[in-house]
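A.B. asks:
Right, here's the structure in full:
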């Protein structure tokens with residue numbers, strides 16, 4: 006039996022449900038997506054890529070496409086839902102990638118994820134409705150993308166062809182969450198020195 | 480030629496670069512001029528169309544990216560790096576960093592350029608300045624020093640634009656002039672007021688502003704009060720409107736081009752330490768009355784226009800450091816500046832009367848130009864003006880010229896300086912000024928004797944301990960300092976004697 010079901014909203018939009026839970030507002034999915042963007046956006050930060058954790062019914066992705074010029078990588082563990090949303094809209098393949106990953110190992114091997122990390126700046130956005138039934142995976146994915154721990158940071162640096170920067174000194178200095186000061190201590194460069202000035 | 484000017488502080492600091500930008504354009508008319516600022520300064524873009532690329536860094540966004548655990552650790556790093564990479568595509572021939580902060584120094588270090596002026600760091604992390612003027616500024620970061628130049632003069636001299644007229648003009652869009660036609664009443668004298676500053680320590684209370692407006696309004700019916708403010712300050716502006724009722728005031732919640740248009744049509748601007756006072760330098764008509772409170776450092780960032788008046792508190796802790804909390808139980812410098820005193824001076828300025836201030840702990844100072852272009856601000860005493868003139872002109876010669884050239888030009892320099900000083904001089908003060916010059920001369924001679932002795936001891940120590948001493952670098956630095964001070968003091972003495980000769984001749 007399929008875990009995905011589809012309804013048509015009063016305005017003719019496809020609204021998907023996962024295990025009986027609607028993934029977007031039935032009556033006004035566009036207003037909900039606009040609200041999602043207002044709450045999720047980081048004013049003043051314009052990255053090259055966005056990782057969106059949760060495909061939902063795709064309305065928030067469509068909103069994001071209108072709001073920025075960045076590339077978008079959608080990460081979700083629900084392959085069936087992802088396929089449905091992917092086929093429902095004419096997504097620009099140059100800007101939008103669907104990464105179906107259900108565990109960390111798949112995430113780390115995913116080519117779209119790797120390519121966006123290599124490309125440069127990125128932000129991670131949550132679609133909380135999507136995450137309700139598989140919170141553990143999304144938490145882990147977020148943690149590795151945000152990379153405020155040495156292992157995740159080493160993975161991202163390796164993807165970029167840089168030395169991991171993880172040494173004993175680094176492990177000793179770091180608190181529970183890595184800060185830019187820890188990085189400056191472990192692998193100093195001019196950018197990190199500049200950024201450290203912003204928090205002192 | 481491609482030139483990048485880096486100004487990474489507040490809006491007012493970027494406005495202080497306007498003469499530099501205009502001066503560079505005049506000196507290198509076919510050059511490409513770009514700016515790198517924080518996004519708060521982007522509002523200046525329409526006023527400076529000579530700027531080809533305006534790079535901006537959103538300081539608060541980058542900073543919040545560093546501190547929030549849900550933002551990737553590398554996001555701020557990547558964004559800054561990407562911005563610098565874009566800048567590097569321009570292949571700048573000259574980068575001028577007018578911001579004297581470690582942050583700007585590190586960022587400028589990442590920008591590739593044939594030449595850098597202003598703070599930057601080399602691969603070993605050692606600072607470079609690219610100009611004796613920025614080195615001088617670096618050595619005078621202490622707020623207590625009086626041996627300092629206005630920042631605009633430092634920028635101009637460091638970029639070898641010392642003889643260029645300080646051109647504060649901005650390109651005012653026609654749209655801005657038509658926008659303000661409904662605000663300004665051309666039949667009246669316009670008093671423009673900027674209520675707020677960036678810091679509570681520098682902000683005069685709203686009740687005082689209201690009292691000032693009421694005082695001025697009661698003395699003349701032919702005044703229009705225009706109150707400037709940002710959208711976020713609407714509530715404050717409306718509160719002021721209530722406080723001054725029934726006197727009408729015009730609220731101008733407008734952008735920077737419109738502010739400039741208002742200033743162009745204003746007779747007087749009364750403001751704290753704000754970017755608006757620097758914008759007012761572009762207006763030929765508008766006089767500037769600055770209330771210098773808290774951490775406002777009038778010596779480095781005061782109103783630039785000659786004839787401006789700066790009112791400051793003379794209490795011992797003034798000006799305090801930006802980062803320092805007020806050490807007093809209340810803001811004494813603000814409390815000492817009454818609405819009555821400010822309205823008295825504003826009235827005198829509006830009606831071209833002699834400026835007189837009778838208030839304890841308040842000093843009124845007039846802005847003047849010496850040595851053609853150098854800003855100085857003196858407390859209505861010729862002695863004070865002469866002291867500043869001697870100090871600054873000798874430093875200027877020391878920092879910009881070779882000693883032989885400087886010594887050779889002393890005669891003409893002293894002559895011109897006296898011509899400038901004598902415009903602010905009352906004949907009845909001749910004797911007291913002569914006595915003052917004798918006093919200064921004896922102080923300089925004593926200082927020279929002392930430094931000769933110190934230098935001798937240093938040379939002895941260096942030759943005794945040789946290169947082995949761990950203090951050698953420090954001693955060498957000290958020796959350099961003594962040599963520069965000696966050079967400056969020699970020039971100062973020669974200038975002083977030149978002025979004294981002319982003063983004695985004038986006395987005859």
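Protein chains in written order, with this note's numbering: chain D, 6 to 205; chain C, 480 to 987.
Every residue, glycine too, gets a C-beta built ideally from N, C-alpha and C.
Let me make sure I understand the geometry here. Which of C:851, C:677, C:506, C:483 has the alpha-carbon closest to that of residue 566 (chain C)?
C.D. replies: Nearest option by C-alpha distance: C:483.
A.B. asks: Measure from the C-beta of residue 72 (chain D) to each C-beta in chain C and report whether the shortest distance is under 7 Å.
C.D. replies: With 7 Å as the cut-off, residue 72 (chain D) does not count as an interface residue toward chain C.
A.B. asks: Which residues share a DSSP beta bridge with residue 21 (chain D)?
C.D. replies: The partner list for residue 21 (chain D) (beta bridge, DSSP) reads D:11.
A.B. asks: Cβ closer than 9 Å: which chain C residues qualify as neighbours of residue 94 (chain D)?
C.D. replies: Within chain C, no residue comes near residue 94 (chain D); the closest Cβ sits about 27 Å away, beyond 9 Å.
A.B. asks: Does the beta carbon of residue 557 (chain C) come closer than 7 Å to any beta carbon on chain D?
C.D. replies: At least one chain D Cβ lies under 7 Å of residue 557 (chain C).
A.B. asks: With a 10 Å radius around its C-beta and 16 neighbouring C-beta atoms as the bar for buried, classify residue 922 (chain C) as buried or exposed.
C.D. replies: Residue 922 (chain C) comes out exposed.
A.B. asks: Provide the residue(s) that pair with residue 844 (chain C) in DSSP beta bridges, ordered along the chain.
C.D. replies: The partner list for residue 844 (chain C) (beta bridge, DSSP) reads C:789.
A.B. asks: I want to verify the contact list: residues of chain D whose CB lies under 9 Å from the CB of residue 588 (chain C), in sequence order.
C.D. replies: Per Cβ cutoff of 9 Å: 195, 198, 199.
A.B. asks: In the DSSP assignment, what residue or residues form a beta bridge with residue 606 (chain C)?
C.D. replies: Per DSSP, C:600.
A.B. asks: Taking C-alpha atoms, which residue in D:105, D:143, D:61 lies nearest to residue 134 (chain D)?
C.D. replies: Considering only alpha carbons, the answer is D:61.
A.B. asks: What does DSSP give as the partner residue(s) for residue 954 (chain C) in the beta ladder?
C.D. replies: DSSP output for residue 954 (chain C) lists no bridge partner at all.
A.B. asks: Is it true that the CB of residue 43 (chain D) sits closer than 7 Å to the CB of residue 57 (chain D)?
C.D. replies: No. Outside cutoff.
A.B. asks: Based on the DSSP output, what are the partners of residue 1076 (chain C) in its beta bridges?
C.D. replies: A query on residue 1076 (chain C) cannot be resolved here, the shown segment of chain C reaching from 480 to 987 and no further.
A.B. asks: Which whole-angstrom value is the C-beta distance of residue 617 (chain C) and residue 628 (chain C), which I expect to be below 8 Å?
C.D. replies: No, residue 617 (chain C) and residue 628 (chain C) are not in contact; Cβ-Cβ is about 13 Å, not under 8 Å.
A.B. asks: Give me the residue from C:572, C:688, C:574, C:862 with the minimum Cα distance to residue 749 (chain C).
C.D. replies: Nearest of C:572, C:688, C:574, C:862 to residue 749 (chain C), Cα basis: C:688.
A.B. asks: At a Cβ cut of 7 Å, what residues of the segment 753-777 of chain C count as close to chain D, listed as they run along the chain?
C.D. replies: Those residues of the segment 753-777 of chain C that come within reach of chain D (Cβ to Cβ, closer than 7 Å) do not exist; the list is empty.
A.B. asks: Identify the contact partners of residue 152 (chain D) in chain C, using a Cβ-Cβ distance below 9 Å as the criterion.
C.D. replies: 551, 552, 553, listed in chain order.
A.B. asks: Which one of D:54, D:14, D:6, D:131 has the shortest CA to CA distance from residue 123 (chain D)?
C.D. replies: Nearest C-alpha to residue 123 (chain D): D:54.
A.B. asks: At 8 Å on the CB atoms, spell out the chain D contacts of residue 609 (chain C), in chain order.
C.D. replies: Chain D residues near residue 609 (chain C): none, gap ~17 Å exceeds 8 Å.
A.B. asks: With a cut-off of 7 Å, does the C-beta of residue 636 (chain C) fall near any C-beta of chain D?
C.D. replies: No, residue 636 (chain C) does not count as interfacial toward chain D.
A.B. asks: Please list, in chain order, all residues of the same chain as residue 638 (chain C) whose beta carbon is under 8 Å from its beta carbon, the five residues on each side excluded.
C.D. replies: 499, 502, 503, 575, 596, 610, listed in sequence order.
A.B. asks: Taking only runs of the alpha helix (DSSP H) that begin and end inside the segment 116-190 of chain D, which ones reach a length of at least 4 residues, in chain order?
C.D. replies: If we require 4 residues or more, the alpha helix (DSSP H) runs fully inside the segment 116-190 of chain D come out as 116-124, 133-136, 140-151, 155-164, 173-178.
A.B. asks: Which class does residue 56 (chain D) belong to by DSSP, given the choice of helix, strand or coil?
C.D. replies: Strand.
A.B. asks: Take the Cβ of residue 644 (chain C) as the centre, count every other Cβ of all protein chains shown within 10 Å, and call the residue buried at 16 or more, exposed below.
C.D. replies: Classification of residue 644 (chain C): exposed, given that the 10 Å Cβ count is below 16.
A.B. asks: Quick one: grab the DSSP three-state call for residue 932 (chain C).
C.D. replies: The answer is helix: DSSP assigns residue 932 (chain C) an H, G or I state.
A.B. asks: Got a sec, what are the start and stop residues for the beta strand (DSSP E) residue 1011 (chain C) sits in?
C.D. replies: A question about residue 1011 (chain C) goes unanswered here, because the residues of chain C that appear run from 480 up to 987.
A.B. asks: How close, in whole Å, do the beta carbons of residue 798 (chain C) and residue 776 (chain C) come, if the pair is a contact with beta carbons under 8 Å?
C.D. replies: Yes, they are in contact, since the Cβ atoms of residue 798 (chain C) and residue 776 (chain C) sit about 5 Å apart, within 8 Å.
A.B. asks: Mind listing the chain D neighbours of residue 518 (chain C)? Cutoff is C-beta to C-beta under 9 Å, in chain order.
C.D. replies: Here the neighbours are 49.
A.B. asks: Just to make sure I have the definition right: I need the residues of chain D whose C-beta is within less than 7 Å of the C-beta of residue 585 (chain C). Which are they?
C.D. replies: Within chain D, the residues near residue 585 (chain C) are 195, 198, 199, 202.
A.B. asks: Within 10 angstroms of its Cβ, does residue 708 (chain C) collect 16 or more other Cβ (buried), or is it exposed?
C.D. replies: Flag for residue 708 (chain C) reads buried.
A.B. asks: What does residue 126 (chain D) reach in chain C if we use C-beta pairs closer than 7 Å?
C.D. replies: Within 7 Å Cβ-Cβ: 554, 557, 558, 561.
A.B. asks: Is there contact between the segment 669-680 of chain C and the segment 884-903 of chain C, where contact requires at least three CB pairs shorter than 8 Å?
C.D. replies: No contact exists between the segment 669-680 of chain C and the segment 884-903 of chain C.
A.B. asks: If you check the beta carbons only, do residue 864 (chain C) and residue 840 (chain C) fall under 7 Å apart?
C.D. replies: Result no, Cβ atoms of residue 864 (chain C) and residue 840 (chain C) do not sit closer than 7 Å.
A.B. asks: Based on the DSSP output, what are the partners of residue 768 (chain C) in its beta bridges?
C.D. replies: For residue 768 (chain C), which the question treats as bridged, DSSP gives the partners C:749, C:788.
A.B. asks: Quick check on residue 867 (chain C): buried or exposed, where buried means 16 or more other Cβ atoms within 10 Å of its Cβ?
C.D. replies: Residue 867 (chain C) is buried by the Cβ-count criterion.
A.B. asks: Under 7 Å between the Cβ atoms of residue 788 (chain C) and residue 838 (chain C)?
C.D. replies: No, Cβ-Cβ distance for residue 788 (chain C) and residue 838 (chain C) is not below 7 Å.
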